[in-house]
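**Q**
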Amino acid sequence: MSSNTPARRQRLGQYLAVALVCAFGAAQFYGADPRPWGAATGWTVVTALLVGPLAWLARDRLPPDRYETLAYVAAGAAMLAAIVWLGVSLAFAPRLFPYGPGFAAGVASGTLLVLLAERTVVPERMRDAGL
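The sequence shown runs 1 to 131 under full-length UniProt numbering.
1. Suppose you measure from the CA of residue 7 to the CA of residue 92; what does that come to, to the nearest Å?
2. Locate the alpha helix (DSSP H) running through residue 113, then write down its first and last residues.
3. For the alpha helix (DSSP H) that contains residue 64, what are its first and last residues?
4. Taking buried to mean at least 16 other C-beta atoms within 10 Å of its own C-beta, is residue 38 buried or exposed?
5. So residue 29 and residue 104 are in contact, right, with Cβ under 8 Å, and what is the actual spacing, rounded?
6. Between the Cα of residue 34 and those of 100, 89, 66, 70, spot the shortest distance and give me the residue it belongs to.
7. Given a cut-off of 9 Å on the beta-carbon distance, is the pair residue 102 and residue 26 in contact?
8. Give the secondary structure of residue 1 by DSSP, where H, G and I count as helix, E and B as strand, and everything else as coil.
9. Relative to the C-alpha of residue 114, which residue among 22, 13, 5, 12 is closest?
10. For residue 137, which of helix, strand or coil comes out of DSSP?
11. Just the Cα atoms here: how many angstroms apart are residue 10 and residue 24?
12. Would you call the CB atoms of residue 106 and residue 42 closer than 9 Å?
13. For residue 48, I'd like the list of residues in its chain whose CB is within less than 7 Å of its CB, leaving aside the five on either flank, ordered along the chain.
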């Protein structure tokens, strides 16, 4: 058995989780009566602009083991920030509560756009060379 098997399983799990979030966002977007194209486009751009450069720099500058650790820390911080933002917005200012079909579809497509761009824009051989 290859030593690469746990890494492949973990990568498959990550791709499955992203695919489920994208499917959830698409289902909510499809089920909305007036489809919120503006909100979805706005959240796609915001997510891609916030997550994209950070993911690109981390993958380019950090070794794979530190990149994985940083990814876990960033995911945990994002979840914590989302929970705090949700609690504050529900308690004090319901208009700050962004959730809806446009939000779900926008964040899912923005994340997917970043993952695809990160994997396809620069070939692996150029990333290893430090270019």
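We put the beta carbon where it would ideally sit given N, CA and C, even for glycine.
**A** Working from what's here:
1. Start at 1 with the first residue of the sequence shown, and residue 7 comes out as number 7. Start at 1 with the first residue of the sequence shown, and residue 92 comes out as number 92. Their Cα atoms are separated by approximately 43 Å.
2. Looking up residue 113 in the sequence shown gives position 113. From DSSP, the alpha helix (DSSP H) with residue 113 extends over 101-120.
3. Locating residue 64 in the sequence shown gives position 64, counting from the first residue. Here the alpha helix (DSSP H) through residue 64 covers 64-92.
4. As a first step, residue 38 must be located in the sequence shown, where it is residue number 38. Classification for residue 38: exposed.
5. In the sequence shown, residue 29 corresponds to position 29, counting from 1. In the sequence shown, residue 104 corresponds to position 104, counting from 1. A Cβ-Cβ distance of about 7 Å is found for the pair residue 29 and residue 104, placing them in contact under the 8 Å criterion.
6. As a first step, residue 34 must be located in the sequence shown, where it is residue number 34. Ranking the options by Cα distance to residue 34, first place goes to 100.
7. Residue 102 sits at position 102 when you count from the first residue of the sequence shown. Residue 26 sits at position 26 when you count from the first residue of the sequence shown. No.
8. Position 1 of the sequence shown, counting from 1, holds the residue named residue 1. Note that residue 1 scores a pLDDT of 49, beneath 50, so its modelled location is shaky and nothing firm can be said.
9. Numbered from 1 along the sequence shown, position 114 holds the residue referred to as residue 114. The shortest Cα separation from residue 114 among 22, 13, 5, 12 belongs to 22.
10. Nothing about residue 137 can be reported from this structure: the residues present for the chain run from 1 to 131 only.
11. Translated into positions along the sequence shown, residue 10 becomes position 10. Translated into positions along the sequence shown, residue 24 becomes position 24. Their backbone Cα atoms lie some 21 Å apart in a straight line.
12. As a working mapping, residue 106 is identified with position 106 in the sequence shown. As a working mapping, residue 42 is identified with position 42 in the sequence shown. Going by C-beta atoms, residue 106 is nearer than 9 Å to residue 42.
13. Within the sequence shown, the letter at position 48 stands for residue 48. Result list for residue 48: 110, 113, 114, in chain order.
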